[in-house]
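Residue numbers (the numbering used here), protein chains in the order written: chain A, 565 to 929; chain B, 565 to 929.
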């Protein structure tokens, strides 16, 4: 046996990794594929990081991210025991899967939604329950409420559609579902409503947030969890003991304090989103009403046709023009559409220009 | 059922978290309890972080930490496929446990060694096999080689003793052990020998390293794994897709390039370690020959007595004088000793001064 490599566990051997959106090398790309915020981070963030980048880096970080937790608790009017800071909200999703699900304790999610959920489930040998999205991507309250699973990931606003769910409908799900309802609010900064105010009435509710989108800090990897103290305690026990480094703690704390900058960036993205939706409508394209920092639109060619081939054709054309968007060809509800991040107004102008120069858009003679 | 909080999995409910060493608040402490490096990080690190802390933080990091992997591969004369960068070496240990161990696939480790191993095992519902350390903390080659487990964590240099293991003895274990031999080389920068050169002959060998100790970057959370491409591929599939943020990638890359600074810091720590060991010997205290940046010493009181009570007494005296060291009272091999980080020469002077002013050191009349 000596020298042989032992195999990993069977469910790990069978695993396919999550595929993040392409991060193109080289200059000149317009990157509308991973829902990054077109606004730069608040200037206070760089200042705080520069301050924290000195000799103190030789020392371990504060293991609980205590100052950041306290600030998040104040920000959301909750107690510190209701807050956990994590290395990107993906860490929170992974911790929840590992703590609450496994063989015999399935995980559920909307189909389609964030493609990381099935990867996390498979990595934990957890059976999966999917609840199909209706064609308009509205929330199937009844179907989620009765889903036979220990934990349900509800992406709200929904991705990849951008559809927002009302607080009342989220409350209805939380009240009826017997498991842990995890509302994945990655895009909540851009939405009209969120689930935070429901936490005190629904102890089985968990809200997951990120600094990646609304706070323009995808490169810093900071997210957080809001939940009952009992749930936070469980996640705290299984996380890495130093999950957030000194720079991430300092940068996130500074970002949270920069409220005016945040409000301005969010307002800009929302205004551009509405303008872009109108521009696409003028071209006869249907776009799901978005509460996120992206739109999901169904392109049409010059003959007025839509479908998977049309979407793929436009995706490839845009890519050839160095404009990156996202196409999800494997699901019938998404194959005919493209998910496009709301960028700067200038980036949106370039996007529309490239769409209008797409050869397939020209009317056939 | 509505509104109730579902319980976590039974093995998670039963879990006690790892307890990191105290990070004291307030000034004036001499911190010799968590093996941080007394040298500041290389100046190039802060410069690289400041450079990376700009507007690009709005963008996701490079998901594979590709530049850092390439640099690590060059540094160790390996291929890039043999390297994985992680969010602190603790992440590597956790990934290895989750990928290769579980019910029916036990994990093994030396007893005593790093107290995180049993926590990781319990978090994965993995049975544990412990191999007792001999009283002199030498490597029990035969016992490890026949340990009935899928994966064995071998801390080398050993902690908390500081004992170094020869490359030949590590090779002997790797050749005979049928599972994955994970050599946890957190302290290898301060050792005479390490296991890296054995990788090409022993595909079941995994080496885990960290930037926390040798590179003075405990606050940045960067570690890495060196192993067969097959093992790296498995870990890559189950890690968080963006496990290292932009600042950590940039800072670690800069630290790796600062070879002269690194060599100087390591030489200083080693010189101070030898001097401290001599000073303790002058007081009649036995210290395990250390290949790490800490020493494990057995204090004696004024009557020449040692033991758990003596060690606890000195620990508490030092703490009252704002000098933090580490006492592990629960294990018979460690209860009589203290683990003391090698700090600056000035910190060591203060330590010895406080030791010499310990009331129990005064000869009884």
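Cβ atoms here follow ideal geometry from the backbone N, Cα and C, with glycine treated the same way. Note that this is a predicted model, so its numbers are computed, not measured.
Problem set entry | Bridge partners - residue 850/A, DSSP secondary structure assignment | Counting from 1 along the first chain, the entry for residue 850/A is found at position 286. Answer by DSSP bridge pairing, in chain order: 862/A.
Exercise. Does residue 566/B come within less than 8 Å of chain A when only Cβ atoms are used?
Worked result: Residue 566/B sits at position 2 when you count from the first residue of the second chain. Here residue 566/B scores only 45 on pLDDT, less than 50, and its place in the model should not be relied on; the value that follows carries that caveat. Answer yes: the Cβ-Cβ gap between residue 566/B and chain A drops below 8 Å somewhere.
For this session: Report yes if the C-beta distance between residue 862/B and residue 854/B is below 8 Å; otherwise report no.
Result: Here residue 862/B refers to the residue found at position 298 when the second chain is read from its first residue. Here residue 854/B refers to the residue found at position 290 when the second chain is read from its first residue. Going by C-beta atoms, residue 862/B is not nearer than 8 Å to residue 854/B.
Exercise. Near residue 923/B, which residues of its chain fall below 8 Å by C-beta distance, leaving aside the five closest residues on each side in sequence?
Worked result: Start at 1 with the first residue of the second chain, and residue 923/B comes out as number 359. Correct list, in chain order: 881.
Problem set entry | Top-ranked residue by Cα proximity to residue 604/A, from 829/A, 891/A, 877/A and 618/A | For the purposes of this step, residue 604/A is identified with residue 40 of the first chain, where counting begins at 1. When each option's Cα is compared against that of residue 604/A, the closest is 829/A.
Exercise. Mapping DSSP to helix, strand and coil, what is residue 801/A?
Worked result: The count along the first chain starts at 1 and reaches residue 801/A at position 237. Residue state, collapsed to three classes: helix.
Exercise. Going by DSSP, which residues form a beta bridge with residue 692/B?
Worked result: Counting from 1 along the second chain, the entry for residue 692/B is found at position 128. DSSP, once it has assigned bridges, lists 671/B as partnering residue 692/B.
Problem set entry | Helix, strand or coil at residue 837/B [DSSP, three-state] | Translated into the one-based positions of the second chain, residue 837/B becomes position 273. Three-state DSSP puts residue 837/B in a helix.
Exercise. Does any CB atom of chain A fall closer than 8 Å to the CB of residue 970/B?
Worked result: This structure gives no information on residue 970/B, because the portion of chain B shown stretches from 565 to 929.
For this session: Please list the residues of the stretch 621 to 651 of chain B that have a C-beta atom closer than 9 Å to any C-beta atom in chain A, keeping them in chain order.
Result: 621, 622, 623, 624, 625, 626, 627 and 651
Exercise. Can you tell me whether DSSP reads residue 647/A as helix, strand or coil?
Worked result: As a first step, residue 647/A is located in the first chain; it is residue number 83 there, counting from the start. Looking at residue 647/A - three-state DSSP - the assignment turns out to be strand.
For this session: Can you tell me which of the three DSSP states residue 726/A falls into?
Result: Sequence index remark: in the first chain, residue 726/A carries index 162 (1-based). Of the three classes helix, strand and coil, the one that applies to residue 726/A here is coil, per DSSP.
Exercise. Just by C-beta distance, which residues in the stretch 581 to 599 of chain A are closer than 7 Å to chain B?
Worked result: 581, 582, 584, 587 and 598
Exercise. How is residue 590/B classed by DSSP in three states: helix, strand or coil?
Worked result: Position 26 of the second chain, counting from 1, holds the residue named residue 590/B. Note: residue 590/B maps to coil in three-state DSSP.
For this session: Could you name the residues of chain B that residue 804/A contacts, counting a contact when the two beta carbons are closer than 8 Å?
Result: As a working mapping, residue 804/A is identified with position 240 in the first chain. Correct list: 651, 652, 654, 655 and 658.
Problem set entry | Simplified DSSP assignment, three categories, for residue 700/B | Working through the second chain from its first residue, we reach residue 700/B at position 136. Note: residue 700/B maps to coil in three-state DSSP.
Problem set entry | Any 3 or more C-beta pairs closer than 8 Å across the stretch 822 to 840 of chain A and the stretch 874 to 891 of chain A | no
Problem set entry | Cutoff 8 Å; reference residue 697/A; Cβ partners in own chain excluding five residues on either side | For this step, residue 697/A is matched to residue 133 along the first chain. Correct list, in chain order: 674, 675, 676, 677, 704, 722, 725 and 897.
Exercise. Going along the chain, which residues of its own chain have a beta-carbon closer than 7 Å to the beta-carbon of residue 566/A, five neighbours each way excluded?
Worked result: In the first chain, the residue the question calls residue 566/A occupies position 2. Confidence in residue 566/A is poor, its pLDDT being 45 and thus under 50, which makes the residue's placement unreliable; the coordinate value appears in the next sentence. Answer for residue 566/A: no residue qualifies.
Problem set entry | Neighbour-count burial assignment, residue 583/B, 16 or more Cβ in a 10 Å radius | Reading the second chain from its first residue, position 19 is the one you call residue 583/B. With fewer than 16 Cβ atoms within 10 Å of its Cβ, residue 583/B is classed as exposed.
Problem set entry | Host alpha helix (DSSP H) of residue 582/A (start-end) | Taking the first residue of the first chain as position 1, residue 582/A is located at position 18. No alpha helix (DSSP H) holds residue 582/A; DSSP gives it neither H nor E.
Exercise. Excluding five sequence neighbours on each side, which residues of the same chain lie with their C-beta closer than 6 Å to the C-beta of residue 822/A?
Worked result: For this step, residue 822/A is matched to residue 258 along the first chain. Hits under 6 Å: 606 and 608.
Exercise. Would DSSP call residue 918/A helix, strand or coil?
Worked result: Numbered from its first residue, the first chain carries residue 918/A at position 354. Helix.
Exercise. Cα separation between residue 932/B and residue 598/B?
Worked result: Summary: the structure shown does not reach residue 932/B, with chain B confined to residues 565 through 929, and so no result is reported for it.
Problem set entry | Classification of residue 600/A by the beta-carbon crowding that lies within 10 angstroms, buried from 16 upward | Within the first chain, residue 600/A is the residue found at index 36, counting from 1. Buried, by the Cβ-count rule.
Exercise. For residue 866/A, does the count of other Cβ atoms within 10 angstroms reach 16, so buried, or fall short, so exposed?
Worked result: By 1-based counting over the first chain, the position of residue 866/A is 302. So residue 866/A ends up on the exposed side.
Exercise. Residue 701/A: which of 638/A, 666/A, 905/A and 860/A sits nearest, CA to CA?
Worked result: Mapped onto the first chain, residue 701/A falls at position 137. If we check each option's Cα against that of residue 701/A, 860/A comes out closest.
Exercise. Do residue 901/B and residue 809/A have their CB atoms nearer than 8 Å?
Worked result: The residue you call residue 901/B lines up with position 337 of the second chain. The residue you call residue 809/A lines up with position 245 of the first chain. Cβ distance not < 8 Å, so residue 901/B and residue 809/A don't count as in contact.
For this session: Could you tell me if residue 777/A is buried or exposed, where buried requires 16 or more neighbouring beta carbons within 10 angstroms of its beta carbon?
Result: As a position in the first chain, residue 777/A is number 213, starting the count at 1. By the neighbour-count rule (16 or more Cβ atoms within 10 Å), residue 777/A is buried.
For this session: Could you please give the first and the last residue of the uninterrupted alpha helix (DSSP H) stretch that includes residue 879/B?
Result: In the second chain, the residue the question calls residue 879/B occupies position 315. Counting along the chain, the alpha helix (DSSP H) containing residue 879/B begins and ends at 872 to 884.
Exercise. With which residues is residue 788/B paired in a DSSP beta bridge?
Worked result: On the second chain, residue 788/B is found 224 positions in, with the first residue counted as 1. DSSP lists 649/B and 773/B as partners of residue 788/B.
For this session: Rounded to whole angstroms, what's the CA-CA distance from residue 730/A to residue 747/B? Just pull it up for me.
Result: The residue labelled residue 730/A in the question sits at position 166 within the first chain. The residue labelled residue 747/B in the question sits at position 183 within the second chain. Near 52 Å, if we compare the C-alpha coordinates of residue 747/B and residue 730/A.
For this session: Flag this pair as yes or no: are the beta carbons of residue 647/A and residue 656/A separated by less than 8 Å?
Result: As a position in the first chain, residue 647/A is number 83, starting the count at 1. As a position in the first chain, residue 656/A is number 92, starting the count at 1. Contact flag unset, no.
Problem set entry | Integer Cβ distance of residue 811/A from residue 613/B, believed to fall under 8 Å | The count along the first chain starts at 1 and reaches residue 811/A at position 247. The count along the second chain starts at 1 and reaches residue 613/B at position 49. About 7 Å; that satisfies the 8 Å criterion.
Problem set entry | Residue span of the alpha helix (DSSP H) that contains residue 817/A, given as start and end | The count along the first chain starts at 1 and reaches residue 817/A at position 253. 810 to 821 is the span of the alpha helix (DSSP H), which, as asked, contains residue 817/A.
For this session: Answer with yes or no whether the minimum CB distance from residue 784/A to chain B is below 8 Å.
Result: Translated into the one-based positions of the first chain, residue 784/A becomes position 220. Output row for residue 784/A: interface = yes.
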